[in-house]
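Below is one structure, written out as structure tokens, with a few remarks after it.
Residue numbers (UniProt numbering): 1 to 194.
Structure follows, in structure tokens:
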């Protein structure tokens, strides 16, 4: 036989539970972390090209896969980190990931919102996602994944950097493609093959 007290507690829980769930459902969702993005209008095309040339320098260090990247502080023009593709050593060491690792080693995992990453090619989904999770303020790339890389005999995953940004509810970094792409497209076409 069920004790009177147990029965009353069970009925009380059944009555109160829906009210608690309604209150939780009506509570506002936590605000996403804010990300500051450098306004793209503050940088001229010449400035973007200057930073992209530094990424191209990094890319030329790997004649087989010339994916290079730099992280800059647009306000001062300071180069904060560099990276060159090293995927032969580790498949995740794309130029952007090497650059992220270099930035963290030099500056710690902070102050990403005011930084911009320049890459010789459109970041793959892994790299773009890592940049968003880091909180990077913006990404500028040269060669597109679907045109330039494909013509160079590479077969990238068919999810664009813009698709990754669009699918991200908590951050919207500035994204710009095509800067010095004629140079980088040629660099990818002329790369050495294994």
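Cβ atoms here follow ideal geometry from the backbone N, Cα and C, with glycine treated the same way.
Uninterrupted alpha helix (DSSP H) stretches inside the UniProt domain "CMP/dCMP-type deaminase" (46 to 165) (no shorter than 4 residues) = 95 to 107 and 125 to 134
| task | Identify, in the order they occur along the chain, each residue of the same chain with its Cβ nearer than 8 Å to the Cβ of residue 97, setting aside the five sequence neighbours on each side. | result | Walking along the chain shown from the start, residue 97 turns up at place 97. 83, 126, 127 and 130, listed in sequence order.
Using the DSSP secondary-structure output, state which residues sit across from residue 176 in a beta bridge. Counted from its first residue, the chain shown places residue 176 at position 176. For residue 176, which the question treats as bridged, DSSP gives the partners 140.
Please classify residue 189 as buried or exposed, where buried requires at least 16 neighbouring CB atoms within 10 angstroms. Taking the first residue of the chain shown as 1, we reach residue 189 at position 189. With fewer than 16 other Cβ atoms within 10 Å, it is exposed.
key: Backbone secondary structure at residue 184 - three-state DSSP   = Against the chain shown, residue 184 aligns to sequence position 184. The answer is helix: DSSP assigns residue 184 an H, G or I state.
Note to self: Once DSSP output is grouped into helix, strand and coil, what is the label at residue 22?
What the structure shows: On the chain shown, position 22 is the one that residue 22 refers to. Confidence in residue 22 is poor, its pLDDT being 40 and thus under 50, which makes the residue's placement unreliable; the coordinate value appears in the next sentence. Reduced to three states, the DSSP call for residue 22 is helix.
Margin query: So, at 6 Å on beta carbons, what are the nonlocal neighbours of residue 118 in its own chain, with the 5 sequence-adjacent residues on each side left out?
Written below: Locating residue 118 in the chain shown gives position 118, counting from the first residue. Excluding sequence neighbours, residue 118 sits near 51, 52, 55, 70 and 140.
Select from 178, 43, 42 and 44 the residue whose C-alpha is nearest the C-alpha of residue 120.
As a first step, residue 120 must be located in the chain shown, where it is residue number 120. Nearest C-alpha to residue 120: 178.
Cutoff 8 Å; reference residue 191; Cβ partners in own chain excluding five residues on either side | The sequence position of residue 191 within the chain shown is 191, counting from 1. Counting only Cβ-Cβ distances below 8 Å, and skipping sequence neighbours, we find 63, 64, 65, 66 and 152.
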